[in-house]
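In the working numbering, the protein residues as written are 27 to 425.
Glycine included, C-beta positions come from ideal geometry on N, C-alpha and C.
Before any comments, here is the structure.
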Amino acid sequence: MDETTFSADGGLILYITDSKGQLVRFGILYAALFGAVAVIYPFIPIYFSFRGYAPSRIGLLLAAIEVSGVLAPFIVSRIADHSGKFRTVIAGSIIFSALSLFILNHLSAFPAMLAGALALGFFMKPVVSLTDALTGRSLADSSKNYGRVRVWGTVSFIIVSLALQLTGLFESGGYQRIFIAMMIAMAFQLLSVPIVPSAPAHKTSVIDGLNESSNRLPRGFISFLLVCFIGNIGYAVYQSFGGLYFAEIAGVSRVSGLFALAAFSEIPAMIFGGRIIRKIGHRPMLSIALLAGILRLTVLSLFPSIIPIALSQLTHSLTYGFFLLTGVDWVNRFVPERKRAMGMGLFMSVSFSGSLLVGSSLGGFLLEFGGFSMLFGSAVIFPFAALLWLWTDRRFKAE
27 MDETTFSADG GLILYITDSK GQLVRFGILY AALFGAVAVI YPFIPIYFSF
77 RGYAPSRIGL LLAAIEVSGV LAPFIVSRIA DHSGKFRTVI AGSIIFSALS
127 LFILNHLSAF PAMLAGALAL GFFMKPVVSL TDALTGRSLA DSSKNYGRVR
177 VWGTVSFIIV SLALQLTGLF ESGGYQRIFI AMMIAMAFQL LSVPIVPSAP
227 AHKTSVIDGL NESSNRLPRG FISFLLVCFI GNIGYAVYQS FGGLYFAEIA
277 GVSRVSGLFA LAAFSEIPAM IFGGRIIRKI GHRPMLSIAL LAGILRLTVL
327 SLFPSIIPIA LSQLTHSLTY GFFLLTGVDW VNRFVPERKR AMGMGLFMSV
377 SFSGSLLVGS SLGGFLLEFG GFSMLFGSAV IFPFAALLWL WTDRRFKAE
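This is how it looks when you write it as structure tokens:
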């Protein structure tokens with residue numbers, strides 16, 4: 027049942043109780059979203075490789091996806107914020123993502139491929155951040171329950187990754203088989219959108235002195251974004267070229283299994299991460315994520331064999347899980363609702379798409395020049411620099 031109360035000025039405040047049914051519906055949406063992620067993100071570099079592109083050009087194509095992903099919040103997220111029609115915007119983004127992928131698959135000239143990659147990134151990248159913003163607006167206690175619904179995405183990622191591992195679906199069939207699988211995954215995303223409720227009306231409340239009806243982004247937001255951006259470049263290098271690295275060391279058939287192992291380690295972080303943030307705060311939580319990133323990249327650089335790689339995947343719960351939960355909770359707690367989609371979109375685009383832009387474009391040339399050892403070893407610089415900034419810049423709003 028919904029709970030209503032009145033603000034001091036007599037305004038009606040609507041709080042949606044986090045019922046089990048509501049959590050299940052959002053869980054199904056996240057399951058569909060990240061089941062598709064398991065098909066698309068690890069294999070899109072391999073898709074480009076199967077089409078005959080060199081690592082440097084693969085890096086540029088991945089960078090093109092991220093460039094438009096950085097720009098998308100200024101248009102797509104603003105539409106969602108202004109209209110309040112989150113489900114419609116999410117569904118439209120998925121439809122145009124599929125259309126862009128279809129066109130991309132029928133292109134061959136590299137300049138045209140770059141244009142197709144730009145279109146794909148522009149529509150594909152905002153989907154998760156829009157869903158996170160909708161979840162934050164819809165749940166009464168997003169700090170507690172975001173991880174509980176997001177974990178469905180992790181479980182789905184694991185199931186799909188293991189299915190790809192066991193079936194060896196992409197061992198044959200070339201790039202067309204990967205393309206068909208990505209299109210099917212997007213169809214499941216689209217079918218899941220109507221399951222969740224529409225975005226509720228704006229609430230008016232005060233959090234830590236910030237009026238929720240304000241149209242301003244909070245103080246320290248830019249500093250927060252920059253720390254996340256720099257810190258996540260190391261993870262972006264892993265995300266962009268980890269699939270190629272795993273394929274070289276362990277074979278294409280084991281790529282999905284290694285990504286599934288990383289996703290499996292996320293589950294405890296997603297379930298208990300909200301409680302940990304409440305106990306230790308945002309800055310220590312983010313510091314743990316950055317330290318784990320340094321460890322992971324060091325292992326990948328120095329130990330190019332299957333067992334160390336598999337063990338390094340277990341740090342994913344921290345490098346990705348803690349990082350994501352910290353950022354999402356920070357935005358949900360401090361960014362006004364009227365700017366929530368924009369704030370979430372900027373966090374996702376700058377810290378993930380922006381870092382992937384740098385990591386993929388720079389990483390492609392480093393890979394060609396010095397191999398995987400130089401690539402991952404050089405990437406350690408970024409989480410280390412972010413860690414130093416995190417503890418020396420007072421503008422970062424830790425609580």
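Span separating the alpha-carbon of residue i from that of residue j
i: G390; j: L49; result: 40 Å
i: N131; j: A64; result: 19 Å
i: F373; j: A412; result: 15 Å
i: A273; j: V102; result: 35 Å
i: I256; j: F408; result: 6 Å
i: I84; j: K46; result: 43 Å
i: I248; j: L125; result: 34 Å
i: L88; j: V281; result: 18 Å
i: A143; j: L160; result: 26 Å
i: V406; j: S386; result: 15 Å
i: F52; j: G396; result: 44 Å
i: L392; j: L401; result: 6 Å
i: D107; j: S399; result: 43 Å
i: L224; j: W356; result: Just to set this straight, residue 224 is Ser in the shown sequence, not Leu. Taking the straight line from one Cα to the other gives about 23 Å.
i: M212; j: I259; result: 27 Å
i: I54; j: V177; result: 10 Å
i: G277; j: G78; result: 18 Å
i: G403; j: I335; result: 14 Å
i: F136; j: D419; result: 42 Å
i: G246; j: L312; result: 15 Å
i: F205; j: T324; result: 33 Å
i: E394; j: L326; result: 17 Å
Unbroken alpha helix (DSSP H) run spanning residue i, endpoints
i: P220; result: It is not in any alpha helix (DSSP H) - P220 carries neither H nor E in the DSSP assignment.
i: G47; result: 46 to 66
i: V281; result: 281 to 306
i: P409; result: 407 to 418
i: S426; result: Here the chain has residues from 27 to 425 only, and residue 426 is not among them.
i: A71; result: It should be pointed out that residue 71 corresponds to Pro in this sequence rather than to Ala. Taken as a continuous stretch (DSSP letters only), the alpha helix (DSSP H) holding P71 covers 70 to 76.
i: S338; result: 332 to 338
i: L350; result: 349 to 360
i: F373; result: 366 to 374
7 Å Cβ cutoff met for residue i and residue j
i: S12; j: N358; result: Nothing about residue 12 can be read from this structure; the chain reaches only from 27 to 425.
i: G353; j: V361; result: no
i: F100; j: S123; result: no
i: G95; j: K151; result: yes
i: L344; j: A367; result: no
i: C254; j: S82; result: no
i: A262; j: L382; result: yes
i: G179; j: A62; result: no
i: M208; j: I66; result: yes
i: I314; j: F348; result: yes
i: I105; j: V93; result: no
i: A98; j: V219; result: no
i: A90; j: L59; result: no
For residue i, three-class secondary structure by DSSP
i: E274; result: helix
i: A146; result: First, the amino acid is wrong: residue 146 is Leu here, not Ala. Correct three-state label for L146: helix.
i: L243; result: coil
i: G110; result: coil
i: D167; result: coil
i: G319; result: helix
i: S433; result: Any property of residue 433 remains undetermined from this structure, which presents the chain solely from 27 to 425.
i: F196; result: coil
i: S134; result: coil
i: I101; result: coil
i: F329; result: coil
Closer than 7 Å to chain D by CB, residue i
i: R280; result: Annotation note: the requested chain D is absent from the structure, which comprises a single protein chain.
Check whether the region 325 to 337 touches the region 201 to 216, taking contact to mean three or more Cβ pairs, one atom from each stretch, closer than 8 Å. no
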